[in-house]
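Engineer: One structure, pasted below without further comment.
Number of protein chains: 2
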Amino acid sequence: MPDFAPLPDPPYYAVIFTALRRDDGDPGYSAMADKMFDLAKQQPGYIGVESTCSKDGLGITVSYWTDEAALMNWKAVSEHMLAQQLGRKRWYSHYTLRIAKVERHYDGPEGR
Amino acid sequence: MPDFAPLPDPPYYAVIFTALRRDDGDPGYSAMADKMFDLAKQQPGYIGVESTCSKDGLGITVSYWTDEAALMNWKAVSEHMLAQQLGRKRWYSHYTLRIAKVERHYDGPEGR
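Given below as structure tokens:
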């Protein structure tokens, strides 16, 4: 997975998912995460995703979508719903999810 | 630093900063990062911050602000400007920064 998502002309949508993993070492987690990244890519309106996780289990994943309909469709994809359910029941001790409209952006460093 | 930022009633603003660090091991970096987290807290309109970094140097930091004026003020704080400059010149091989209006949010898992 590339580190950075593309920067299409705003506005577009960001889903900011911050999650603290339970310390259970479940090997099913990373397989499911990989599967969800692959599945998200195939959805209409998908722009990209940026994701990182520290060694203490705090992860932030931001997925980007062209519009609100696209992210609502993704939320309702059946395999993704199963992953959401497992996340609630098994993998995360806490999470927050925010839907935000990206109004502008820039990147850097300048001149590289 | 707590893992999760508060969830005030939307709308509010998110600044999504994704950055790949250069592999230079500069010890000044984490001292500056800590200083910036402390300084941000003191700014008007600050809500909170969520930040994580993987061992390969990809970090995502999302700071939350009550309104656009607050985040523009923070961008212009002089010590923060110095940190931004060092980030461009020394610390990051690439970064993106997105300004987004949070329209709604939720947290979980339900029932815990």
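Order-wise, the sequence lines are chains A and B.
Numbering-wise (this note's numbering), the first sequence opens with residue 1 and increments by one.
Numbering-wise (this note's numbering), the second sequence opens with residue 1 and increments by one.
Quick reminder that beta carbons are idealized off the backbone N, C-alpha and C, glycines included.
Values in this document were obtained by computation on a predicted structure and should not be read as measured data.
By Cβ distance below 8 Å, which residues in the same chain neighbour A:Gly111 in space, the five residues on each side in sequence not counted?
Structural biologist: Any reading at A:Gly111 is ruled out, since the residue's pLDDT is 43, under 50, leaving its predicted position unreliable.
Engineer: Got a sec: which bits of the stretch 18 to 46 of chain B sit with their beta carbon under 8 Å from any beta carbon on chain A, in order along the chain?
Structural biologist: Thr18 and Leu20
Engineer: In chain order, what residues of the stretch 91 to 104 of chain A put their CB closer than 8 Å to some CB of chain B?
Structural biologist: Tyr92, Ser93, His94, Tyr95, Thr96, Leu97, Arg98, Ile99, Ala100, Lys101, Val102, Glu103 and Arg104
Engineer: Cβ of B:Asp107 less than 7 Å from any chain A Cβ?
Structural biologist: yes
Engineer: Please state whether the Cβ-Cβ distance between A:Ala83 and A:Met36 is less than 7 Å.
Structural biologist: yes
Engineer: By the 10 Å Cβ neighbour count, where 16 or more other Cβ atoms means buried, how is A:Glu50 classified, buried or exposed?
Structural biologist: By the Cβ-count criterion, A:Glu50 is buried, with 16 or more other Cβ atoms from all chains shown falling within 10 Å of its own Cβ.
Engineer: Pull up the DSSP beta-bridge partners for B:Ala100, would you.
Structural biologist: A:Val102 and B:Ala14
Engineer: Among A:Ser54, A:Val15, A:Asp34 and A:Asp23, which has the Cα closest to the Cα of A:Ile47?
Structural biologist: Of all alpha-carbon atoms in A:Ser54, A:Val15, A:Asp34 and A:Asp23, the one lying nearest the alpha-carbon of A:Ile47 is that of A:Val15.
Engineer: Can you name, in chain order, every residue of its own chain whose Cβ lies under 6 Å from the Cβ of B:Gly59, other than the five neighbours on each side?
Structural biologist: Ala19 and Cys53
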